[in-house]
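J.: In my numbering, the protein residues as written are 2 to 93.
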Amino acid sequence: MSATEWRDAKYDETYASTVRGLERRRRKDQDFTLDDAEGVLKHLYIQDGNDWIGRGELQNAILAATIAAYESVIADWKAGKLPPSEEESPCP
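Rendered as structure tokens:
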């Protein structure tokens with residue numbers, strides 16, 4: 002594995018698992034709102050800016066992937082591209 006392959010692999014893994022987790026939470030947790038997701042994203046931006054002692058490459062990749070996943074899910078949510086939560090789903 003090259004010097005950057007491990008970083009890319011961790012980024013991809015973190016991004017995918019964060020998206021899955023957010024989509025699952027949206028479906029299962031009726032109290033999880035768009036405002037909640039946006040609030041977490043705001044705190045992730047703050048955490049990203051608080052790197053004055055240095056996080057290291059691994060933590061930087063994880064944080065970048067987490068932020069990207071939140072941004073993507075929030076954009077899809079606002080555009081109506083996410084499946085509805087179980088509470089919003091019509092009963093069969």
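Even for Gly, the Cβ is constructed at its ideal location relative to N, Cα and C.
What is the residue span of the alpha helix (DSSP H) that lysine 79 lies within?
T.: Where lysine 79 is concerned, the enclosing alpha helix (DSSP H) stretches over 58 to 79.
J.: Just to confirm, is the Cβ distance from serine 86 to arginine 21 under 8 Å?
T.: Going by C-beta atoms, serine 86 is not nearer than 8 Å to arginine 21.
J.: Please report the residue range of the alpha helix (DSSP H) in which glutamine 48 lies.
T.: It spans 35 to 50 - the alpha helix (DSSP H) in which glutamine 48 sits, taken as one unbroken run.
J.: In whole angstroms, what is the alpha-carbon distance linking threonine 67 and arginine 8?
T.: Rounded to the nearest angstrom, the two C-alpha atoms are 14 Å apart.
J.: Smallest Cα separation from leucine 45: which of Ala65, Ser3, Asp77?
T.: Checking every option, the nearest Cα to that of leucine 45 belongs to Ala65.
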